[in-house]
Ligand code: ARG
C-alpha cells in the first residue's frame, strides 16, 4: 500500500540508516567550549560531548568521526551533509529549530557573567548596562543573543572564541564576559581564580540538544531513546562526574 511504501522510504532515507550502512557516525563540534569539547595537550578533542558521541557510536555499532567545525558554520555544515549530527553544547533556540531538528535536552545551562574586579560594588547585571561599559562574548552564540537583549546601553564586543572574549576582561580591556554557566564556573576555578567576580545567577533558560536535519523522525526517535537510557543507567552520571566534578 501507499502508506507502507511511504514509511519504508522514510527509514531508507533516514540519516540513521545511512550511518549504520556506512559504519560511521560523523559528529560536528567546535572545540573550545570547556568542558563539553576542547583540545588536550596533544591536540586531541576531548570532553563531555565527546564521551556521549563515543557511546552513541558504540551503541550504533559504528565508528566515530569527529568533524571540528567553526561555530558560525556549524548549522550549514549539518545541512550540507558534512556531518550527521551536531553535538556541541548547542542551545535549543526557536530560531535554530527552524533550520534543524533537536533531540530532547541533554543538559541545562543559563547565561552568567564574569566581571572585572574593579566592579566589586556591583551585584546585578543591570548595574553594568551603562555607556562606556564593554561586554564581551562569543560571536553567534546565545551569549551574544543575551548580551544584545540585556545590555542596551553598554558596548558589546564579539570574538571568534570564548577564550579570546574572556581574556579581554582579564586584560582590563573589557568590563564583563557573558557566557554559559558551566564554562564560566570552570574558568573561575582556574585562570579566573581571585581575578574576576562571578555573577552566577542564571540570566537565561537554555536547554542543550543534539541537532539533526529536519524530516528524520527515526533518527530523533533513536536519539531520544538513547538519551533516556544513558540518563538512567549510570552512563550519563559517570560522564557528568568525570567532567563537572572535581
Ligand atoms: N550554548 C551556546 C550556544 O548554543 C554556546 C555553545 C558553544 N559551543 C561550542 N562548542 N563552542 O550558542
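Numbering (the working numbering), first residue to last: 1 to 246. Think of the CB as a built atom: it goes at the ideal place given N, C-alpha and C, for glycine as much as any other residue.
What did DSSP end up calling residue i once you bin it into helix, strand or coil?
i, result
"residue 94", "coil"
"residue 294", "Because the chain is modelled from 1 through 246, residue 294 falls outside the range shown and cannot be assessed."
"residue 201", "coil"
"residue 102", "strand"
"residue 176", "strand"
"residue 107", "strand"
"residue 121", "coil"
"residue 26", "strand"
"residue 245", "coil"
"residue 34", "coil"
"residue 225", "helix"
"residue 213", "coil"
Using only the heavy atoms of the ligand ARG, determine whether one of them is closer than 7 Å to the beta carbon of residue i.
i, result
"residue 206", "yes"
"residue 102", "no"
"residue 109", "yes"
"residue 88", "yes"
"residue 51", "no"
"residue 29", "yes"
"residue 243", "no"
"residue 187", "no"
"residue 251", "This structure gives no information on residue 251, because the portion of the chain shown stretches from 1 to 246."
"residue 136", "no"
"residue 36", "yes"
"residue 158", "no"
"residue 180", "yes"
"residue 71", "yes"
"residue 15", "no"
"residue 141", "yes"
"residue 235", "no"
"residue 112", "no"
"residue 91", "yes"
Residue i: buried (16+ other C-beta within 10 angstroms of its C-beta) or exposed?
i, result
"residue 135", "buried"
"residue 88", "buried"
"residue 143", "buried"
"residue 120", "exposed"
"residue 244", "exposed"
"residue 43", "exposed"
"residue 11", "exposed"
"residue 103", "buried"
"residue 180", "buried"
"residue 125", "buried"
"residue 155", "exposed"
"residue 239", "buried"
"residue 205", "exposed"
"residue 233", "exposed"
Cβ contact (3+ pairs, closer than 8 Å) linking the region 59-75 and the region 21-29: yes
At least three beta-carbon pairs within less than 8 Å, the region 129-143 to the region 209-219: no
Touching by the beta-carbon criterion (3+ pairs, under 8 Å), the region 161-173 and the region 197-206: no
In chain order, each beta strand (DSSP E) run of at least 3 residues that lies wholly inside the region 63-95: 63-68
Runs of beta strand (DSSP E) wholly within the region 124-177 (minimum 3 residues, chain order): 134-138, 155-159
Contact between the region 188-197 and the region 65-81 (3+ Cβ pairs under 8 Å): no
Contact the region 90-107 vs the region 218-231: 3+ CB pairs below 8 Å: yes
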